[in-house]
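According to the numbering used here, the sequence shown holds residues 142 to 277 in order. Encoded as structure tokens, the structure appears first; notes follow it.
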Amino acid sequence: MTDIFFTLQQSLYNALAASAEITALLGSPPRLYDHVPPGAVFPYAVFGATHITPYDNRTDTGFDHLLTIDIWSRYRGSKEAKDIVTALYDTLHRASLPLAGQTALLCECHSAEVALENDGFTTHAAVRFNILTQDD
């Protein structure tokens, strides 16, 4: 099942790296991490929590993914984080995602939230995507 996580994450990364809207906000290549390196420049995004529910029937096997992309910003106010949330939505909502060994049937934005962290400086946004995949 590990390949399912990585294959989907790589497809999402590739879609976001190809987006001019994303690279204008997060750089090129985008500061979108699986593990944030020390001294990372703000703003950046991180592949966060992933929840996968398998689903099967007589003829098909697939997975229902709920994947979070976290955004971290030190911009005064929430505008920068909200702009990145919008760019993620514009790029991934109803996107066609190529996957090796699977077909992405659906990619939709499930929810988004933006909040100021307790340090009073950092804005954290979390965008969740629901992605349905089916094995080829």
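Using N, Cα and C, we set each Cβ at its ideal position, and we do this for glycine too. Values in this document were obtained by computation on a predicted structure and should not be read as measured data.
Quiz item: Where does Y196 fall in DSSP's three states?
Solution: Residue state, collapsed to three classes: strand.
Exercise. Would you mind working out which of E258, I212, G218, R217 sits nearest R269, comparing C-alpha positions?
Key: Considering only alpha carbons, the answer is I212.
Practice problem: Sort V182, H234, H192, T200 by Cα distance to L153 and report the nearest one. | Solution: L153 has its Cα closest to that of H234, out of V182, H234, H192, T200.
Self-check item: When S214, T194, Y185, I272 are compared against D260, the one with the closest alpha-carbon
Solution: If we check each option's Cα against that of D260, S214 comes out closest.
Exercise. Return yes when the Cβ of L157 is within less than 7 angstroms of the Cβ of T232, no when it is not.
Key: Yes, they are a contact pair.
Self-check item: Own chain residues within Cβ distance below 8 angstroms of L166, not counting five before or after
Solution: Around L166: P184, E221, D224, I225, A228.
Quiz item: Counting contacts by CB-CB distance shorter than 7 angstroms, is G180 in contact with chain C?
Solution: The structure shown contains no chain C; it holds only a single protein chain.
Practice problem: Helix, strand or coil for Y216, going by three-state DSSP, please let me know. | Solution: Here Y216 carries a coil assignment [DSSP, helix/strand/coil].
Quiz item: How should G168 be labelled, buried or exposed, when 16 other C-beta atoms within 10 angstroms of its C-beta is the threshold for buried?
Solution: G168 is classed as exposed because its beta carbon has fewer than 16 other beta carbons within 10 Å across all chains shown.
Exercise. Using the Cα positions of H265 and V255, report the straight-line distance between them to the nearest angstrom.
Key: Cα atoms of H265 and V255: separation of roughly 6 angstroms, rounded to the nearest angstrom.
Quiz item: So is G218 buried or exposed if we call it buried at 16+ other beta carbons inside 10 Å?
Solution: By the 10 Å Cβ count, G218 comes out exposed.
Exercise. Provide the residue span of the beta strand (DSSP E) that contains L238, from first to last.
Key: Per DSSP, L238 belongs to no beta strand (DSSP E) and is neither H nor E.
Practice problem: Within 10 angstroms of the Cβ of H206, are there 16 or more other Cβ atoms? Answer buried if so, exposed if not. | Solution: Buried, since its Cβ has 16 or more Cβ neighbours within 10 Å.
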